[in-house]
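**Student:** Terminal number for the sequence shown in this note's numbering: 978, no gaps in between. Sending over a structure as structure tokens; questions will come in a sec.
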Amino acid sequence: MNKRQARLFAIGSTVVAAVAFLVLTIDSHRQFPALTNAQNITPAVTHGKNVWHKNNCINCHTLFGEGAYYAPDLTKIAQQRGAPYLQAYLRDPSKFYDEQRHRRLMPKQDMTDAEIADLVAFLDWVSKVDNQGWPPRPILVTGAGVAITGTRSADQAAAVSRSAPPPGPESLPSDKDPVALGEIVFRTVSPACTACHSLVPGANMAGPSLAGVATRAQQIVSSPEYKGKAK
Numbered sequence: 748m749n750k751r752q753a754r755l756f757a758i759g760s761t762v763v764a765a766v767a768f769l770v771l772t773i774d775s776h777r778q779f780p781a782l783t784n785a786q787n788i789t790p791a792v793t794h795g796k797n798v799w800h801k802n803n804c805i806n807c808h809t810l811f812g813e814g815a816y817y818a819p820d821l822t823k824i825a826q827q828r829g830a831p832y833l834q835a836y837l838r839d840p841s842k843f844y845d846e847q848r849h850r851r852l853m854p855k856q857d858m859t860d861a862e863i864a865d866l867v868a869f870l871d872w873v874s875k876v877d878n879q880g881w882p883p884r885p886i887l888v889t890g891a892g893v894a895i896t897g898t899r900s901a902d903q904a905a906a907v908s909r910s911a912p913p914p915g916p917e918s919l920p921s922d923k924d925p926v927a928l929g930e931i932v933f934r935t936v937s938p939a940c941t942a943c944h945s946l947v948p949g950a951n952m953a954g955p956s957l958a959g960v961a962t963r964a965q966q967i968v969s970s971p972e973y974k975g976k977a978k
């Protein structure tokens, strides 16, 4: 190949690459409305995005893998935790995680209830975007942060650890023990029950503690004042 042929090859390759890039870019923009569910971008979602940037959430967290990697990726957090949990957590993160146990703690942002609601709406919209499985290896939320009213005792701390869902998938037990099957559902349903409920007495998260719920239910059902149909 002489110099003239090499020059023509370089020019031709550049033109082909540029055309391919433009075609793929146009095709991507054509698909964006469907992939992002653009019809669901409400004023609340838009304001929630502004709240996200106003509070510099991206300085620690990532969305779609973009941002800092000091804290979990929040692309799917709305599906993993649910709106009630996120709203309660954003009001006061210190009620869900202990700085001594978890070594670091998200600072309280002092957001208004309206800002929190819109931020959660934004995260809910983000969680439903078809991101083609990206990022492939995000930093995920670990543990089952528990909000405990009052002082946490050593027994409560141990119970919190036991109530956290174990890592990895669980297989169904070979027998048909309803208790074992119920525990599998409790720990593996998405979002996990432990995202909103604790098994520790007096530990109220986004939902009430489930400690002793079976005993309380039995007492209510057997009470003469109970007029429902549950047995």
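No residue lacks a Cβ here, since even glycine has one placed at the ideal position from N, Cα and C. Given the structure is predicted, the values throughout are model-derived calculations rather than measurements.
Cutting at 7 Å between CB atoms, please list the residues of its own chain near Thr962, excluding the five before and the five after it.
**Tutor:** Once the five neighbours on either side are set aside, Thr962 has no close Cβ partner at all.
**Student:** With DSSP as the reference, identify every bridge partner of Asp857, one or two as the case may be.
**Tutor:** Answer is none; Asp857 lacks a bridge partner.
**Student:** For my contact list, Ala942 and Gly814 are in at a C-beta cut-off of 8 Å; report their separation, rounded to the angstrom.
**Tutor:** Ala942 to Gly814, Cβ: 22 Å. No contact.
**Student:** Reducing DSSP to helix, strand and coil, say where Leu810 ends up.
**Tutor:** Strand at Leu810.
**Student:** Rounded to whole angstroms, what's the CA-CA distance from Val798 to Val792? Just pull it up for me.
**Tutor:** Going by the C-alpha atoms only, they are around 10 Å apart.
**Student:** Phe811 to Lys923, Cα distance in whole Å?
**Tutor:** Distance between the alpha carbons of Phe811 and Lys923 is about 40 Å.
**Student:** Taking DSSP as the reference, what is the three-state secondary structure of Asp865?
**Tutor:** Asp865 falls in the helix class under three-state DSSP.
**Student:** Which residue comes first and which comes last in the alpha helix (DSSP H) that contains Asp774?
**Tutor:** First-last of the alpha helix (DSSP H) with Asp774: 750 to 782.
**Student:** Looking at the secondary structure, which residues open and close the alpha helix (DSSP H) in which Glu930 lies?
**Tutor:** Residues 925 to 935.
**Student:** Out of His808, Arg884, Trp881, Val888, point me to the one whose CA is closest to Tyr844's CA.
**Tutor:** It is Val888.
**Student:** Using CA atoms only, rank isn't needed, just tell me which of Gly795, Lys823, Thr935, Ala964 is closest to Thr859.
**Tutor:** Of the candidates Gly795, Lys823, Thr935, Ala964, the one whose C-alpha sits nearest the C-alpha of Thr859 is Gly795.
**Student:** The alpha helix (DSSP H) that contains Arg963, what's its start and end?
**Tutor:** First-last of the alpha helix (DSSP H) with Arg963: 960 to 969.
**Student:** Can you check which of these residues, Lys823, His808, Ile824, Ala825, is closest to Tyr817 by C-alpha distance?
**Tutor:** Nearest of Lys823, His808, Ile824, Ala825 to Tyr817, Cα basis: His808.
**Student:** What is the DSSP secondary structure of Asp820, reduced to helix, strand or coil?
**Tutor:** Three-state DSSP puts Asp820 in a strand.
**Student:** Identify the continuous alpha helix (DSSP H) that holds Asn803 and give its terminal residues.
**Tutor:** Unbroken run through Asn803: none, as it is neither H nor E.
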